[in-house]
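In our numbering, the protein residues as written are 300 to 548.
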């Protein structure tokens with residue numbers, strides 16, 4: 300269970316997120332939505348300690364994440380960020396193998412179990428035939444799927460993802476989010492597509508200018524007024540068989 304309490308982060312004199320609180324319960328799929336610049340990525344980076352908040356608490360199962368070592372955190376939470384600055388020419392299998400490092404002792408080499416987990420993780424994202432390919436030779440979408448496989452290979456109970464469907468085609472977006480939903484893992488993800496947020500999320504937090512504008516179940520939060528206020532566009536919403544559909548005008 301993740302609890303974020305009154306999180307604030309500033310750069311020089313500019314406050315990027317202010318007094319944000321959110322909870323993610325065991326097994327939930329929780330989305331963070333909002334327009335560009337609303338603070339989605341900044342919030343997630345503070346949670347997984349790429350950035351250090353100016354104030355607030357981040358608790359994982361009641362323990363402060365700010366006091367955890369990076370290794371301890373990596374045994375509990377896997378992260379798929381937007382940044383991918385790989386400068387070395389690893390194979391796809393080697394990249395996914397990196398997800399096993401938090402489970403290994405210093406200088407301990409991969410064993411048969413690790414190799415099996417890597418193979419299974421690649422199969423889950425449909426990249427098993429790329430096992431020996433150079434990671435740098437892949438397209439943006441292929442790289443994204445490999446990074447998700449790395450997170451799965453980490454075998455944590457929770458995954459944090461920042462725009463996980465970036466660079467993916469529609470079919471791959473659907474398959475990736477359905478895979479995460481079916482994994483039964485606890486998921487916190489930033490999403491820019493409101494239709495996907497409505498389809499896959501148990502709850503959503505809508506951010507506006509670094510604040511939580513509203514939160515709740517997707518049908519409670521994703522409303523015409525919210526879309527107009529946050530995104531500046533008109534929309535019609537309708538429900539069919541318990542699912543929310545959005546038509547932008």
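Glycine included, C-beta positions come from ideal geometry on N, C-alpha and C.
Owing to the predicted nature of the structure, the values given are computational and were not obtained by experimental measurement.
In the DSSP assignment, find the beta strand (DSSP E) that holds residue i and state where it starts and stops.
i, result
"residue 341", "Segment 339 to 346 is the alpha helix (DSSP H) holding residue 341; no beta strand (DSSP E) there."
"residue 513", "510 to 515"
"residue 319", "313 to 323"
Roughly how many angstroms separate the alpha carbons of residue i and residue j, rounded to a whole number?
i, j, result
"residue 319", "residue 401", "29 Å"
"residue 371", "residue 447", "20 Å"
"residue 355", "residue 304", "6 Å"
"residue 486", "residue 311", "31 Å"
"residue 454", "residue 317", "32 Å"
"residue 367", "residue 336", "29 Å"
"residue 518", "residue 497", "7 Å"
"residue 413", "residue 374", "15 Å"
Which stretch, first to last residue, makes up the alpha helix (DSSP H) that contains residue i?
i, result
"residue 405", "Premise fails: residue 405 is in no alpha helix (DSSP H) and is neither H nor E."
"residue 544", "Counting along the chain, residue 544 falls outside any alpha helix (DSSP H), though it belongs to the beta strand (DSSP E) covering 542 to 547."
"residue 393", "391 to 396"
Pick from the options: whose alpha carbon is nearest that of residue i?
i, options, result
"residue 394", "412, 405, 422, 431", "431"
"residue 536", "529, 544, 468", "544"
"residue 433", "460, 452, 392, 443", "392"
"residue 341", "396, 365, 445, 306", "306"
"residue 527", "538, 539, 541, 512", "512"
"residue 442", "426, 510, 451", "426"
"residue 450", "440, 494, 380", "380"
"residue 499", "492, 491, 480", "480"
"residue 357", "302, 410, 538, 483", "302"
Quick one: grab the DSSP three-state call for residue i.
i, result
"residue 456", "coil"
"residue 471", "helix"
"residue 498", "helix"
"residue 301", "strand"
"residue 436", "helix"
So, is the C-beta of residue i closer than 8 Å to a C-beta in chain C?
i, result
"residue 323", "The chain labelled as chain C is not found in the depicted structure, where only one protein chain is given."
Rounded C-beta distance between residue i and residue j? I'm assuming under 8 Å.
i, j, result
"residue 364", "residue 348", "7 Å"
"residue 523", "residue 534", "6 Å"
Flag residue i as yes when its Cβ comes closer than 7 Å to any non-hydrogen atom of the ligand ADP, and as no otherwise.
i, result
"residue 435", "This structure does not include the ligand ADP; it has no bound ligands of any sort."
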